[in-house]
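Novice: If you scroll down you'll find the structure; I have some questions about it.
In my numbering, the protein residues as written are 43 to 293.
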């Protein structure tokens, strides 16, 4: 008996151009770097971080010695308290003089003097309060904090150092602003679009992730005519600035 005809499934064949991946070697960098410095001068008492440490926004980096400053703060607090006692005394005296002046029992000069001494005492207390506020600000600034979540890239200070106002103490890179800088031929630029997602390989760890093309450098390399792409990647730990990265871009 003859075999039945075989069943054949037919599907439509389409012809398309497949995108070819181009690999580029780029470098990792922190776009946002803060050169942390001290707003006040002083002797370094304690260092809380080392190069390579992860820091949180507002976390302490270094503290300055405040022994002398604490004594000045205590002195001005006592001055304010003393000024308060002086004001109370002169307020009582002024009230007495005002009553007597209304009865024409004292001269206008005596009344004006009592008023002057009271206002002078009030001004002295205000001056002491202003100085105290300044000293308290100085003490608060004696602890230098991290400006944002980041990695300590460089440490330029140690315990026992005397730091001057404005002296750079740390370089901190923002972990939320980690990018890859990739050079590519200008002829391939037409295949790239802003917001495009691309494959990124961290070569040191053989780790793959997805990056986003965010921008490109407005200036091409004068010799090679290469354009530099700026690719944002997710936050990473234990990475160093200028590490090599491989980026695959379809073109």
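Glycine included, C-beta positions come from ideal geometry on N, C-alpha and C.
Between which two residues does the beta strand (DSSP E) carrying residue 279 extend?
Specialist: It is not in any beta strand (DSSP E) - residue 279 carries neither H nor E in the DSSP assignment.
Novice: Beta-carbon separation of residue 212 and residue 85 under 7 Å?
Specialist: no
Novice: Can you find the residues in the same chain that come closer than 7 Å, C-beta to C-beta, to residue 183, ignoring five residues on each side of it along the sequence?
Specialist: 81 and 82
Novice: Can you tell which of 126, 239, 216 and 123 has the C-alpha that lies nearest to the C-alpha of residue 281?
Specialist: 216
Novice: In whole angstroms, give me the CA-to-CA distance for residue 166 and residue 94.
Specialist: Approximately 50 Å, taken between the alpha carbons.
Novice: Can you check which of these residues, 168, 269 and 147, is closest to residue 67 by C-alpha distance?
Specialist: 269
Novice: Counting C-beta neighbours from all protein chains within 10 Å, is the total for residue 72 16 or more, i.e. buried, or is it exposed?
Specialist: Looking at its Cβ environment, which holds 16 or more other Cβ atoms inside 10 Å, residue 72 is buried.
Novice: How about residue 104: is its C-beta nearer than 7 Å to some C-beta of chain D?
Specialist: Of the protein chains in this structure there is only one, and it is not chain D.
Novice: Keeping to the same chain, check which residues put their C-beta closer than 6 Å to that of residue 206; ignore five residues upstream and five downstream.
Specialist: Only 83 meet the Cβ criterion.
Novice: Can you tell me whether DSSP reads residue 71 as helix, strand or coil?
Specialist: Correct three-state label for residue 71: strand.
Novice: Looking at the structure shown, is residue 238 part of a helix, part of a strand, or coil, going by DSSP?
Specialist: coil
Novice: How about residue 114 and residue 177: are their beta carbons less than 7 Å apart?
Specialist: yes
Novice: With distances taken from CA atoms, which of 186, 135 and 232 is nearest residue 98?
Specialist: 186
Novice: Using 8 Å as the threshold, is the stretch 226 to 234 in touch with the stretch 249 to 268, meaning 3 or more CB pairs across them?
Specialist: yes
Novice: In terms of residues, what are the limits of the alpha helix (DSSP H) holding residue 229?
Specialist: Run containing residue 229: none; DSSP gives neither H nor E here.
Novice: For residue 152, count the other beta carbons within 10 Å of its own beta carbon; 16 or more makes it buried, fewer makes it exposed. Which is it?
Specialist: exposed
Novice: Enumerate, from N- to C-terminal direction, the unbroken alpha helix (DSSP H) stretches of 4 or more residues contained entirely within the stretch 100 to 156.
Specialist: 109 to 144
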